[in-house]
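Residues are numbered in my numbering as their position in the sequence shown, beginning at 1, plus a constant of 350.
Here a beta-carbon is modelled for each residue, glycine too, at the ideal position from N, C-alpha and C.
Written below as structure tokens is the structure these notes are about.
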Amino acid sequence: MTFRLLGPVEVWGRGPVDVGPPQRRSVLAALAVDAGRAVPLETLMRRVWGEDPPEGARQALYAHVARIRRVLAAAGAVRTPGLARRDGGYVLDTDSEEVDLHRFHRLVADARRAGRGDAEQVTMLREALDLWRGEPLAGLSGEWVARMRDTWQRQRLDAVTAWANAETAVGNHAVVIGRVPELIDEHPLMEPLVAVLMRALYESGRGSEALECFAEARKRLADELGADPGTELRRLHRAILQDASGPAEAKGPPPAARPRSAPVLARLPLDVPAFTGREKELAQLDEILAEGIGGPGVAVVSTLSGTAGVGKTAVAVHWAHRVADWFGDGQIYVNLHGFEPSRPPVTPAEALPRLLEALGVLPQHMPVSLDAQAGLYRGLLAGRRMLVLLDNARDAEQVRAFLPDSPGCFTLVTSRNRLSGLIALEGARSLVLDVLPAAECRRLLARRTGAERVMSEPLAVDEIVSRCARLPLALVIVAARAAIEPRLGLARLAAELRDAQDSPDGLDSFGDEDTRADIRAVFSWSYGTLSPQAARMFRLLGVHPGPDISVAAAASLAGLPLQHAGRLLTVLADSCLVTEYSRGRYVLHDLLRMYAAELAGTADAAAETQAAEDRVFGHYLHSAHSADRMLDPHRDPIALPPAVPGVSPEHAADHGEALAWFTAEHPVLLAVVHRSGTAPHAPDAPTWQLTRALTTFLQRRGHWSDWAAAQEAALDAALRSASPVGEADAHRGLGRACTRLMRLDDALTHLARALDLHKALGDRTELAHTHLDLARLHARRDAYPEALACAQEALDQYISLGHRAGQARALNSVGWYHAQLGDHRRCVALCGQALELFTELGVRDGQADTWDSLGYAHQHLGDHRRAADCYGNAVALFHGLGDRYFEADVLAHLSESHRAAGEPQAARRAARRAADILDELGVPDSDGVRARLHHLGPPGDGRGRGAPGQKPQ
């Protein structure tokens, strides 16, 4: 059965299904946009009836749901979707692929995924656009419908732009020229559509028509808006003008004319359900945004401060969702953990690499220094409309590295402190969030428990508001209890709060004495209503390293089956003691985490708490090891200690799942390593083994500072427990990380120590690995004789061990270093042997790297056509691996070979493809690839290796 929203709302089983009148179709649409996820009743009513649903809306909603159930059951589909009551709302239980909107989003996202060829993109984007049957949600009305319709139309135009660029790239100019003008007629002020039409006209040899297209667009913009075309359109116009004088055959679009794509981020946490009040503060944020848009060309910064539990994050996230449509290039969210008791505040060195990765920076181009990372971050945000939400900042210094300087960006910072430094130096606009006014407190309770209950017991409501200190966090917890037990009178709840006893003193750092007592009373009262198992889960969450936890990890933490743990987390979420901020992942407010840790320290025996810590460490150790085997199946395996009873590790099914698991768990894993590496009782073996399991992910994704910090924690643990095996592994890992970070003296110290320890242990395999690491270190210093000697030593050891994968990598390295010393024939012979081994073993990245080495050697031997063949093989392999930067890098070398062989058109095609990839990636050109494209040098000079010592992997 399929659900269609991109046009009139329709359901198809074995044929069309009559859903009913418009309001019922609105209910179905409101469920289908969140297919597979529970939609709270309040949200459904707002979507169908607006922000102020009429009396009787709830009963009407129930009737519509019942009728939709009957319609779906009678449709005669092979698999009938369910419509179930869940989590205080309803869920349309169907695969998201059965909803055309979600299929459209999935196809567009797949098309934009790194490694997709232009032809693949064309196919996917055509299929995505063919799902549209007219105006989305046609025949329906209302605020939510209008907002969704507008959002989806913009997403369609973005997809059309991407489709047109892909069609142009494969030479289908006529298709673009035939379809886009109609869209421009519908959306005459959409400059991206004008740009893709201009490119298609230019590429098909109709440059004069492209210029006319620009002139018409400029006139429309002037007539309608009194404005000139934007920067990108003007740059394209200028590039075509500059390029129009040369022969069309010899030129593709100049760099400015090439489309540059960048990922559109949508990284906000889920919006707060049934958000209530704060109209004044939301209006002030709207005003600051409006003034910033219309003001001078500077980025806008605003701070939102207030005491803990006052609702800063809820207000910020709710407002961010409300204005998200204005920020078409995306929204960034970073929790800076400025006041969390279980971990230090997030540093720019931790967060910037993750942000850069999300913005499309490839690992191999991640800058090493913090200043360079911050500069790149600001450069990537330049010219874009981005919302940056920095949550829980400790002080002004913590946030400065994250502040963009582009006029289209808006930064909102929340903190318990006023952040006077930002106000004084960055000109930030300041809002201070006070406790909720009493009237808004009553509205919040009415919204979550029912207006009739609140109106019928006004004195009890006033006492609840008072005893919660008018803090939203406490009020939400009380409201959750009232909603869970609807027969329990509010007067009874107020009396229970009155009688609540104080908990231990860990919350004494929060607020004044009266506020501490109030907030602890609310926490203890809500905690006291939990079942023993749910209460135990809550306490154990207080000892989890954080910052968030998955259901699977919580199951291991508590030593419970997965489904049982999931049910307990749902109970805690229903009680508002935890928050499901993304699907399947839960987080505690820092005050609640502090309270849970207090309880764990008093209610549970030390042995129980220690057992939970051991289980959760074992969970991450075995899960990370399993995922690492998917990322690098040819890596030498190690024996892990058996998992303790109660641990249920996660096992990734393939490379993609492993990468997704590491990405989601990245900050948690670092916190686990840090805690296990510093705790006095921590055993050394699991610490270094967990760090070892993180190495492939951290290295490939460019998180080299995280890698070094993790290795330092592992080394501390190994030294403390006098474990030579753990110490040797940690020294080697730290040496490799320091090499990546260009801390070459430190790298030499650690690798030399690793070499000594492995010799003492008699571990010949690790000795060979360390010699190869030393070769890379020497190459970074341009000391090629020393690099060759170390690589040769590694090769000899691999041969004696029968370690074939290591032998292949060492052969490629030895051959490469011979080439750097001028012996290109020796390089060809050695790399040929490496290629045979890599091919036999099925190591594709090794094959790609070796074909590149062979191409370099043949180029310098003057056999340019053979060099081009080698480079072509490397390009195909890198393309298949999805490594687009190295695909572009080798394409640049391929262009040199074609030019030296007297094949100028082939040289231009390769250079053009390389530049297109670089522009699409939007990454810095750290290896000088673009420079090589413009300065290929005279035929046969073989220039182009900007950093040859970095080649062997």
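If distances are taken between C-alpha atoms only, which option among Val383, Gln883 and Glu493 comes closest to Leu918?
Answer by Cα proximity: Gln883.
Looking at the secondary structure, which residues open and close the beta strand (DSSP E) in which Ala434 lies?
Run containing Ala434: Gly432 to Arg436, per the beta strand (DSSP E) assignment.
When you compare the CB positions of Trp1054 and Met716, do they come within less than 8 Å of one another, or not?
In contact: Trp1054 and Met716 (Cβ atoms closer than 8 Å).
Could you tell me whether the segment 1259 to 1266 touches the segment 1235 to 1247, where touching means 3 or more Cβ pairs closer than 8 Å?
Yes, since at least three Cβ pairs between the segment 1259 to 1266 and the segment 1235 to 1247 fall closer than 8 Å, the two stretches touch.
Assuming Gly1343 and Val389 make a contact with CB atoms under 8 Å, what is their CB distance in whole Å?
In the structure displayed, the chain extends from 351 to 1303; residue 1343 sits before or after that span and is not available.
DSSP three-state label for Leu654, please.
Strand at Leu654.
Measuring straight from C-alpha to C-alpha, what distance separates Gln409 and Arg436?
Their Cα atoms are separated by approximately 17 Å.
With DSSP collapsed to three states, give me the class of Ser756.
In the structure shown, Ser756 sits in coil (DSSP, three-state: anything other than H, G, I, E or B).
Smallest Cα separation from Ser1163: which of Ala1118, Ser925 and Ala434?
Measuring from the Cα of Ser1163, the nearest candidate turns out to be Ala1118.
Using the DSSP secondary-structure output, state which residues sit across from Asn685 in a beta bridge.
Paired residue(s): Asp741.
I'd like to check one pair, Ala1217 with Gln1209: are the Cβ atoms closer than 8 Å?
Yes. Within cutoff.
May I ask you to verify whether the segment 1066 to 1077 touches the segment 997 to 1014, counting CB pairs closer than 8 Å and requiring at least 3?
They do not touch, by the three-pair rule.
If we ignore side chains and look at the alpha-carbon of each, how far apart do Gly892 and Ala519 end up?
Spanning the two alpha carbons is a distance of roughly 54 Å.
For Gly1230, tell me which candidate among Asp1195, Ile988 and Asp1173 has the shortest Cα-Cα distance.
The residue with the shortest Cα to Cα distance from Gly1230 is Asp1195.
Just to confirm, is the Cβ distance from Leu479 to Val510 under 8 Å?
Result yes, Cβ atoms of Leu479 and Val510 sit closer than 8 Å.
Keeping to the same chain, check which residues put their C-beta closer than 6 Å to that of Ile534; ignore five residues upstream and five downstream.
Excluding residues within five positions, the ones whose Cβ falls inside 6 Å are Leu543.
Could you please give me the residues that DSSP links to Gly896 through a beta bridge?
DSSP lists no partner for Gly896.
Do you know offhand how far Gln1049's Cα is from Met944's?
Spanning the two alpha carbons is a distance of roughly 34 Å.
Pick out whichever of Ala743, Arg693, Val1193 and Leu422 has its Cα sitting closest to the Cα of Asp898.
It is Arg693 whose Cα lies nearest to the Cα of Asp898.
Let me know the secondary structure DSSP gives Ala488 once reduced to three states.
Three-state DSSP puts Ala488 in a strand.
Check the Cβ-Cβ distances between Gly1052 and every residue of chain B, and say whether any is below 8 Å.
Although the question refers to chain B, the structure presented lacks it and comprises just one protein chain.
Please report the straight-line C-alpha distance between Ala545 and Ala1104, rounded to a whole angstrom.
The straight-line gap from Cα to Cα measures roughly 56 Å.
Three or more beta-carbon pairs under 8 Å between the segment 667 to 681 and the segment 779 to 794, yes or no?
Segments in contact, no.
Would the segment 740 to 749 count as touching the segment 764 to 776 if we require 3 or more Cβ pairs under 8 Å?
The segment 740 to 749, when compared against the segment 764 to 776, does touch it at the 8 Å Cβ threshold.
Would you check if the distance between the CB atom of Gly406 and the CB atom of Arg483 is smaller than 8 Å?
No. Outside cutoff.
Is the segment 1092 to 1107 touching the segment 1132 to 1139 in the sense that three or more CB pairs, one from each, lie closer than 8 Å?
No, the segment 1132 to 1139 does not touch the segment 1092 to 1107.
Among the residues of its own chain, which have a CB less than 6 Å from the CB of Val997, if the five just before and after it don't count?
The answer, listed in chain order, is Ser906, Arg965, Gly968 and His969.
Please state the DSSP three-state secondary structure of Thr1045.
DSSP places Thr1045 in helix when its eight states are reduced to three.
Beta strand (DSSP E) containing Trp502: first to last residue?
Premise fails: Trp502 lies in the alpha helix (DSSP H), Glu493 to Ala519, not in any beta strand (DSSP E).
Give me, in chain order, the residues of the same chain whose beta-carbon lies closer than 8 Å to that of Arg456; leave out the 5 immediate sequence neighbours on both sides.
Excluding sequence neighbours, Arg456 sits near Ser446 and Glu447.
Determine the burial state of Lys662: buried for a count of at least 16 other Cβ atoms within 10 Å of its Cβ, exposed for fewer.
Result: buried.
Would Pro1274 be called buried (16 or more neighbouring beta carbons within 10 Å of its own) or exposed?
Below a pLDDT of 50, predicted positions are generally treated as unreliable, and Pro1274, at 46, falls in that range; no measurement from the model is reported.
Let me know if Glu835 comes out buried or exposed under the rule of 16 or more other beta-carbons within 10 Å of its beta-carbon.
That one is exposed.
Using the DSSP secondary-structure output, state which residues sit across from Trp362 in a beta bridge.
Paired residue(s): Thr352 and Pro366.
Who are Tyr440's beta bridge partners in DSSP?
DSSP output for Tyr440 lists Val389 and Arg435 as bridge partner(s).
Leaving aside the five residues before and after Ala1160 along the sequence, list all residues of the same chain whose C-beta is less than 7 Å from its C-beta, in chain order.
Excluding positions up to five away in sequence, the list reads Leu1122, Ala1141, Ala1144, Leu1145 and Tyr1148.
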